[in-house]
Every structure is written in C-alpha cells, then in structure tokens.
Amino acid sequence: MDSHSTPANRPLSPFAEGLHIGNSLSREKERFVPYNAPYVGMYVCGPTVYSNVHLGNVRTFLTFDIVYRYLLHLGYRVRYVRNITDVGHLTGDTDDGEDKIGKKARLENLEPMEVVQRYTNDFHDVMRIFRILPPSIEPTATGHIVEQIGMIQKIIDNGFAYEANGSVYFDVRKYAETHDYGALSGRKIDELQNQTRALDGQDEKQDPLDFALWKKADSSHLMHWPSPWSEGFPGWHLECSVMSTKYLGKSFDIHGGGMDLKFPHHECEIAQNMGAHGPEDPVRYWIHGNMLTVNGRKMSKSEGNGFTPEELITGNHKLLEKGYSPMTVRFFMLQGHYAGTLDFSNPALQAAEKGLERLMAAWELLQGLVPSEGTDGPPDVKALRKRAYAAMNDDFNTPMLIAVLYDAVKAINSVAAGHMSIDAAGVAGLQSLFEEFANEILGLAPEGAGASDASDRSDGLMEVLCAIRAEAKSNKDWATADLIRDRLGAMGVNIKDGKDGTSWTFD
RNA sequence: GGUCUGGUGGCCGAGUGGCUAGGCUCAGCUCUGCAAAAGCUGCUACAGCGGUUCGAAUCCGCUCCAGACCUCCA
24 MDSHSTPANR
34 PLSPFAEGLH
44 IGNSLSREKE
54 RFVPYNAPYV
64 GMYVCGPTVY
74 SNVHLGNVRT
84 FLTFDIVYRY
94 LLHLGYRVRY
104 VRNITDVGHL
114 TGDTDDGEDK
124 IGKKARLENL
134 EPMEVVQRYT
144 NDFHDVMRIF
154 RILPPSIEPT
164 ATGHIVEQIG
174 MIQKIIDNGF
184 AYEANGSVYF
194 DVRKYAETHD
204 YGALSGRKID
214 ELQNQTRALD
224 GQDEKQDPLD
234 FALWKKADSS
244 HLMHWPSPWS
254 EGFPGWHLEC
264 SVMSTKYLGK
274 SFDIHGGGMD
284 LKFPHHECEI
294 AQNMGAHGPE
304 DPVRYWIHGN
314 MLTVNGRKMS
324 KSEGNGFTPE
334 ELITGNHKLL
344 EKGYSPMTVR
354 FFMLQGHYAG
364 TLDFSNPALQ
374 AAEKGLERLM
384 AAWELLQGLV
394 PSEGTDGPPD
404 VKALRKRAYA
414 AMNDDFNTPM
424 LIAVLYDAVK
434 AINSVAAGHM
444 SIDAAGVAGL
454 QSLFEEFANE
464 ILGLAPEGAG
474 ASDASDRSDG
484 LMEVLCAIRA
494 EAKSNKDWAT
504 ADLIRDRLGA
514 MGVNIKDGKD
524 GTSWTFD
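Its first residue numbered 24, the first sequence is counted upward by one per residue in our numbering.
As structure tokens, this is what we get:
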C-alpha cells in the first residue's frame, strides 16, 4: 500500500556514502558505514503497552521512521526491529512490587494479555494514521522469556551477576572493573553511588547500582514464569539486549530510542550485552530522539499532559484550540530536528497547518504542470536534488529538506503564474523530487487521498457549479457568482479564480 | 549536586568562522469585478561579558537562564 518498499535489486545510491549520523555514544557526527553493506540492522525501543500511546511516543517512532525510510531510499536492505514491551515492570509510584500491566489488569478486570492486546492494537492504529511504517520484526518480551533466561545464565557464568532470594542482579561494580559503565550517558559510577534511592529489593543487592535481571514474583504479580532461580519475571532492561542480539547479532549498526532511555535503560543494555557476549561494542551508532514538550514541559505519561490521537484530531483537549490532522502533526514534527526538543503549541501547529497546505497545493499543481515560457528560470532541479540529499545526509536534517522543497514550491508557483520557464525535463525532475523526498522519505501525502466513487462524484458536482458560476461571471452577475462561492465557502469548499479557470480545495 | 541538551528576528525553527535557511504572521505592490490563491518587495536575529581572528551569531573561557536525565516513561 505504501510506496516505500525497496526493490530487492535497487543498487546502493551513490549518495549513501555521504550519510552522517549524530552518534550519541561518541557525541559526534560520524559517517555511516554499516558492518555489512548493503545490509543494515536497526533496533528501536518500542512502547510499553499498558496505556494509549501519546504524541511524545509518536515523535520518537516518527524519527526512526525517517531513518528507516531514508536508508531504504538509499538502497540499504534494512532489518528494522522494534519491540513491544508487554512484560510489566515495577510501577514508579508504588513500592508494592506490582507490575504495571498487572495493575492495569486488576483495575479493569482484564487478563494481562488482554490489556497488552488492546494497547498493542491501539499502538498499531496510531502508527498507521501517522503513516509510520511497520518494522520488519516486532518481537514481544513475553515471546522471548526462554532467551532472556538463557542470557541471564550467560551473564552469571561470566561472573557479572549473582542470585539473591530467587532474584538475579547485575553486578555493576564488578563489570566496571573491566568495562566503561556510563560511557553512553557520561556518568561515573562513583557519582551515581550517592544518588540512588531506596527501591524494592534494594536490600538484596550487593550494591545500590546493581540492577535486576530477574525478579522473583510475589503474590500480587499476575505475570510470571518459571526459571532456574524462581517463579518470576525478567528485569527491566533485558528484553532489548536479548531481542536485538537474536535478530541482529551481537554487534549491529543502529540502536535508537528516546532520550529518556539513555540512562539507565540503554546503559544497562550495553552492560548486559558485553557481560554476556564479550568485549565488542554491541552497537555502532546510537541515535536518541529528543523530547516533545508542551508549554516547555516534557510530555509524559506521568505528567498527564499528553494528547491521545483522538484528542488531537478532534481538538477535544484543554490545551488544544482546535483539532489538527495527523499529517499536519507529522509535518510539524519534521520541521524540527529530531535531536532537539520540540515544543507543542497552538500557534506553531497552526503555522504548520498552513505551511503544509501550501506545500500540498503546489504538489498538486505540479501534477498538471506543463512546459512553458516565462521571463525567469528555469529552476535548477539538479541543484535542488543535491541540496535535498545533502540535507538528509546531514544527520537526517528534515527541516533543511523541507526548506529545499519550499524552494521547489516557489518555482512551481512561478511557472504556474507564468513568470518562470520550465521544460519537460524540469517538470519531470520536480515531480520525482516530490515523489522521492516528500512522499517516499518524509512520508507526506495529501490527506484523504485515494479516489473513490464519492470523490469522483463530488468533483463532477464541483465542475458543474464552477461552470454555472463562470457563466454568471461572464454576464457580470456578481450576485450569483458570489452566492455560489460564499455558500460553498461556508461548507468548507474554497473557490479560487485563476488565470486558467477556477480551482477548489476542501478544508 | 552530577550528566546531557538548549538559549536565534513578532511566533515556530534550521544553519554556520566571511556568502538569502525555511515556514507562519504583519505591511506594500502586481494580478483580480471583489475575494482567495499566487508572484514581487519590505520588516533581518543570533542570551550576557571577555578572549582568539583580517573577520564570530558561528571557535575558546566565564556568567546568567531554561529543559531533560540521575526513579517507570519515547
């Protein structure tokens, strides 16, 4: 259905060489060189399915959607793995050891897996309306309990973990003797020492820094599995280590996730991988998407300032002045770079809405653009293309790419206005620029696209109305002409008189 | 307290040692029966203080401010 699928035989683009990625491990922009081109392995931390996803989640998955789409566009054969966390982890606000999914299940009288299924479905629906492509593999934590137990055993065998009362903890001190724990997040274990807080099971740990690989389940836990150590459940960070290794290997190219996972989640992941598999760095390029804020505050589940997609579209939320379409939101997010925070506000969203409208209008105009003569131009389509690649190659700089597209918009409109010349090759070049960069890479598409019988019919109706109005206009019957325009306008149909006749748009 | 991001014009938001980001808004003009759209023009910024430099918003130092992470979170 989407036009993203790469032909298996598409060669690697010459532009692939220029791709640079901001690697949060080195804190530098590095040229992207996969382990085994043209194959690329990418792992992204997915959602915990115990509630509806909010826009902050969407932003992160959108970030990696762009990475995925661009790698595919360049001709890479990408295996994109994005997990579903369906094992409950400890709740933050209670110390009773009850897990998140179990808690929700109890509240709603549902089976834990019923909760998981419901919010997994919700997640998939949301991804679809934002045109975020599905990954190649979407593994679940509950589907990999056996592998998780196996990895824990390896870590124990290697001397980096110990058992206590049926739980297993990772020995951070021991690990740090031979490894650089904290390299990703820039933390020093001596400084971390003082910061830790009393947590459940703290007394079982040999050191407060240690983290759980396996937790013995108490009676309140609804989700638990047998293991060599106890009836229990896997630790918070383990699933990602296990599933990335299983599907991408011990060392793979790209690991992504939200900035808030950098510590401790990703740091622990690295420790687990190296603790189990040896000294190679598990990940070559770490990419962290920054947070979405609302009025300067991070959007988060615990703050309660997140919107659901439904609230966003209907505008039915106290922080929203009106509803915004998914495509508007997607475009808005792409106007900022993924590595910076982005603030969600009504004026900003409205500006994006208008800007997108203009972009889409020009794109549509482009479909019917014919070679013509004018005093200016022609547009340098080759240069636009080059700039578009340069933008994406510079750490997926979508705002810069959008600026390039707007330069194309200006050219399209100038041609349509009769100011600028263009030849057939120029038109074709602009068309493929939009097809590749706006559609394929940015994933932008006209809303409500897709011809149906209904839209064919409404087009026909509109043509009739415009013909009547043209007749009225030629008779200088302004009253009739304006009546048609005003009444249609009230219904959300906007009439625009151009040089070559009348066109219309739907709100 | 530690770690990490940022502080850019009316708003949003890129970028960068010398060359127009872009979008939105606003004003004027062109086109138009009027409008809308579109085109053209204008409004032109880089938190503060020092330093490096022929030249810094861009590099270095300090100060101030904001946010995130350090506890589940994308």
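Every residue, glycine too, gets a C-beta built ideally from N, C-alpha and C.
Helix, strand or coil at residue i according to DSSP, with G and I counted as helix
i    : result
W248 : strand
V450 : helix
N75  : coil
E186 : strand
A472 : Residue confidence for A472 is low, a pLDDT of 44 falling below 50, so the modelled location carries little weight; the figure read from the coordinates is stated next. A472: coil per DSSP, three-state reduction.
F84  : helix
G279 : strand
T528 : strand
I172 : helix
R92  : helix
F355 : helix
R320 : strand
Y308 : strand
D116 : With a pLDDT of 37 at D116, under the threshold of 50, the modelled position of this residue cannot be trusted; read the value that follows with caution. Coil at D116, not helix or strand.
I160 : strand
S444 : coil
G255 : strand
Pair within 8 Å by beta-carbon distance, residue i and residue j
i    : j    : result
L456 : V404 : yes
P249 : K273 : no
W501 : N517 : no
Y103 : P61  : no
G363 : G79  : no
L76  : F146 : Residue identity check: residue 76 is Val in the sequence provided, not Leu. For V76 and F146, yes; Cβs fall inside 8 Å.
F106 : A299 : It should be noted that the sequence gives Asn, not Phe, for residue 106. Cβ atoms of N106 and A299: not closer than 8 Å.
G189 : W252 : yes
G279 : V450 : no
H360 : P422 : yes
V149 : P332 : yes
E290 : S208 : yes
For residue i, the first and last residue of its enclosing beta strand (DSSP E)
i    : result
G64  : Y62 to V67
L236 : F234 to K239
G298 : Taken as a continuous stretch (DSSP letters only), G298 belongs to no beta strand (DSSP E), being part of the alpha helix (DSSP H) at E290 to H300.
E459 : Segment: none, E459 is in no beta strand (DSSP E) and carries neither H nor E.
E40  : No beta strand (DSSP E) contains E40, which DSSP labels as neither H nor E.
K52  : E51 to R54
Y347 : That residue, Y347, is in no beta strand (DSSP E); it is neither H nor E in DSSP.
L402 : Sequence inspection shows Pro at residue 402; the Leu mentioned does not correspond to that position. Per DSSP, P402 belongs to no beta strand (DSSP E) and is neither H nor E.
Anticipated Cβ contact below 8 Å, residue i with residue j, distance rounded
i    : j    : result
N463 : R92  : According to the sequence displayed, residue 463 carries Glu and not Asn. Right, their Cβ atoms sit about 7 Å apart.
D109 : I89  : Not really, about 26 Å apart at Cβ, beyond 8 Å.
I435 : S395 : The pair is not a contact, with the Cβ atoms about 12 Å apart (cut-off 8 Å).
G400 : M443 : 4 Å
L467 : R353 : 7 Å
R196 : D230 : 5 Å
Q358 : I277 : About 23 Å; that fails the 8 Å criterion.
L365 : M356 : 6 Å
F38  : L133 : Incorrect: roughly 49 Å between the Cβ atoms, too far for contact.
H244 : D122 : 6 Å
Assigned exposure category for residue i - 16 Cβ within 10 Å defines buried
i    : result
K127 : buried
S267 : buried
L113 : Any reading at L113 needs caution, since the residue's pLDDT is 46, under 50, leaving its predicted position unreliable; the model's value is listed next. Buried, since its Cβ has 16 or more Cβ neighbours within 10 Å.
Q171 : buried
N32  : exposed
L85  : buried
D25  : Confidence at D25 is low in this model, with a pLDDT of 43, below 50, so its placement is unreliable and the value that follows should be read with caution. Under this definition D25 is an exposed residue.
E292 : buried
G471 : A caution first: G471 carries a pLDDT of 48, below 50, which makes its placement in the model too unreliable to give a value.
L506 : exposed
V56  : exposed
N313 : buried
K228 : buried
V438 : buried
D509 : exposed
Residue i, enclosing alpha helix (DSSP H) - first and last residue
i    : result
P135 : P135 to I152
W501 : W501 to A513
R210 : Segment: none, R210 is in no alpha helix (DSSP H) and carries neither H nor E.
V110 : Element bounds for V110: n/a, residue is neither H nor E.
T364 : Taken as a continuous stretch (DSSP letters only), T364 belongs to no alpha helix (DSSP H), as it is neither H nor E.
L382 : N369 to Q390
I336 : P332 to T337
V438 : T421 to A439
R102 : It is not in any alpha helix (DSSP H) - R102 instead sits in the beta strand (DSSP E) that spans R100 to R105.
Y58  : Here Y58 belongs to no alpha helix (DSSP H), and DSSP marks it neither H nor E.
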